[in-house]
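One structure is given here, and the rest of the page talks about it.
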Amino acid sequence: MKLSEKTPPSLFNMPLAVLHNILDYVKPTDRLVLRKVSRRFRDAVDDRDPGFKNATILIKELGEIVLKFDELCIFYRRSNVGCTLKAYNFSEKTIKNGHYLKLASTDFKMIINNPKLHLESFEVVLGPDFEGVDRKKTSEIIRIMLKSVKKVDVGKLTITGFIHEEIPMILQYFGSDNIQDLKIDDHICFDHIGKVVESNHWKKAKSIHFIWKSCLCPVFMHLTHFSDIQIHMKNVSVHDANRIIQLLQISANFKSLNITTCCVQDFLLVVKVLQPNFIQRVFGSGSTDFAINGKKFHVEFDLNNIKIEKKIR
C-alpha cells in the first residue's frame, strides 16, 4: 500500500491480508466493534475464530436478557419505545421499535454460528426473581434463543434456576460429543430424574454437580460412570452412607465425591459406616482412611460438607 505524505493511512484502504494479521492482536470484544465499521471488516472478522471461550445466556427478568462472552456483557432491555442496549461502561443506546428478544437472538446467532468458534463452557441462567411468573413465558424465551443457533457443543455446561421439567428441553439444544462437566444448579426430583439421566449429556459427562432433595436411593445407580461428583443435599443419612459404599464398590471411574448440606450436620454416624473404627477427636470435623474391595479411600468432613477421595497408590 503506497502512502501519501499528506494523507494518513486509512483502514478502509488496508489490504485484507494486513487486516487479518492485525486482527490476531485485537481482543475479541474489540473485534466486534471493528466488525461494525464496514461490511469489508465484518467479512474479515467473521472469517476467523471470534476468540471467546465462555458464553452465558441470562434471563434476568421478563423483558431483559443478558448475553455474556468472556468479559463482554451486553444487556437487552425492553423499553417504552423499543429496546435499550448497554455494554461495558458505555452509555445506554435505545433502538426505537426494536424488540429486545429479536436483537439479542440476532447478536447471539452471529457469534455462536461462526464455524470457527471454539467455546469451552456455556451457562444458561434464569434469574432469581421468577417465582410466581408464568413458566411458559420463560421457557419460550430460552427456547427462542437456543433455537436460533446451531447445536452448541461444549466441554462444560451449566444450567441454573430452571425447574426440573425444563432441563431436558434445554439439553436438546446442546451437543453431547465433547461434554465433560455437567452442572445443574437446581433440584432434580424423583419424578423427572429419568428424563435427565437418559440424556446423552448425563451418560457422557465425567463430572456432575446437582442438587438433590431426598435420599440417594433413586439416583445413586446413575452415578457409577462419573469420576467426580458434587451433590447439594438437605442432609446425609446412614442409609445414604450405605448407598455410597455400593457406589464405591461398583464404580470403576470414581475419583471424588463431595456432598454439601444446607443444614448443619455432624457426619460421625455416616463416617462410622465407612470406617467403623473411626474415633472422632473434634466435634463436627475429622478425617480418616478406609478400604472397599481392596481400593483405598480418604474421607474428611466438617459441619456442612463431607468429601471422599480415592487414594492413588
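Residue numbers for the sequence shown follow numbering that gives the first Met the number 0, so the first one is 0 and each next one is one higher.
Note that CB positions come from ideal geometry on N, CA and C, so glycine has one too.
Sixteen is the threshold: since fewer than 16 other Cβ atoms of the shown chains lie within 10 Å of the Cβ of glycine 293, the residue is exposed. For methionine 144, the closest alpha carbon among the candidates Leu102, Ser120, His163 is that of Leu102. A check of alpha carbon separations from asparagine 177 across Lys26, Glu119, Tyr75 identifies Glu119 as the nearest. Within the DSSP bridge table, the entry for leucine 181 names Leu156, Ile207 as partners.
Spanning the alpha carbons of glutamate 91 and lysine 67 requires a straight line of approximately 17 Å.
Short of 6 Å from the beta carbon of leucine 170, and not among the five residues preceding or following it, lie these beta carbons of its own chain, in chain order: Ser198, His200. Looking at Ile162, Phe121, Ile58, Ile210, the one whose alpha-carbon comes closest to that of glycine 174 is Phe121.
Inter-residue distance for leucine 100 and lysine 85 is about 14 Å (C-alpha atoms, whole angstroms). Closest by C-alpha distance to lysine 150, out of Ile162, Asn20, Lys108, Asn304, is Lys108.
Within 10 angstroms of the beta-carbon of isoleucine 311 lie fewer than 16 other beta-carbons, which makes it exposed.
Only residues of its own chain outside the window of five on either side were considered, and among them Leu71 have a CB closer than 6 Å to the CB of threonine 28, listed in chain order.
His231 is the residue among His231, Phe225, Val148 whose C-alpha sits nearest the C-alpha of aspartate 184. Contact between lysine 115 and aspartate 42 does not hold, since the beta-carbon distance rounds to 13 Å and is not under 8 Å. If you draw a 10 Å sphere on the C-beta of serine 104, you find 16 or more other C-beta atoms in it, and that means buried. By the neighbour-count criterion, in which a residue is buried when 16 or more other Cβ atoms sit within 10 angstroms of its Cβ, phenylalanine 282 is exposed. According to DSSP, glutamine 229 shares a beta bridge with His208, Asn257. The alpha carbon of isoleucine 64 has as its nearest neighbour, out of Ile228, Lys52, Cys82, the alpha carbon of Cys82. With fewer than 16 other Cβ atoms from the protein chains shown falling within 10 Å of its own Cβ, valine 237 counts as exposed.
Burial is judged here by how many other beta carbons sit within 10 angstroms of a residue's own beta carbon; glutamine 248 has fewer than 16 and is exposed. Distance from the Cα of leucine 57 is smallest, within the candidate group Thr157, Ile94, Asp288, for Thr157. Alanine 54 carries a strand assignment under DSSP once its states are collapsed to helix, strand and coil. Contact check for isoleucine 111 against arginine 134 fails: the beta carbons are separated by 8 Å or more. In its chain, beyond the 5 residues on either side, no residue has a beta carbon closer than 6 Å to the beta carbon of lysine 146.
Three or more beta-carbon pairs drawn from the region 217-227 and the region 250-260 are found closer than 8 Å, and the two stretches are therefore classed as touching.
A straight-line Cα-Cα distance of about 11 Å links alanine 204 and threonine 223.
Annotated three-state conformation of leucine 66 is strand, per DSSP.
Around the CB of glycine 50, 16 or more other CB atoms lie within 10 Å, so the residue is classed as buried. Residue environment: tyrosine 75 is assigned as buried (16 or more neighbouring CB atoms within 10 Å of its CB, all protein chains considered).
Assigned with DSSP and collapsed to three states, glycine 285 falls in strand.
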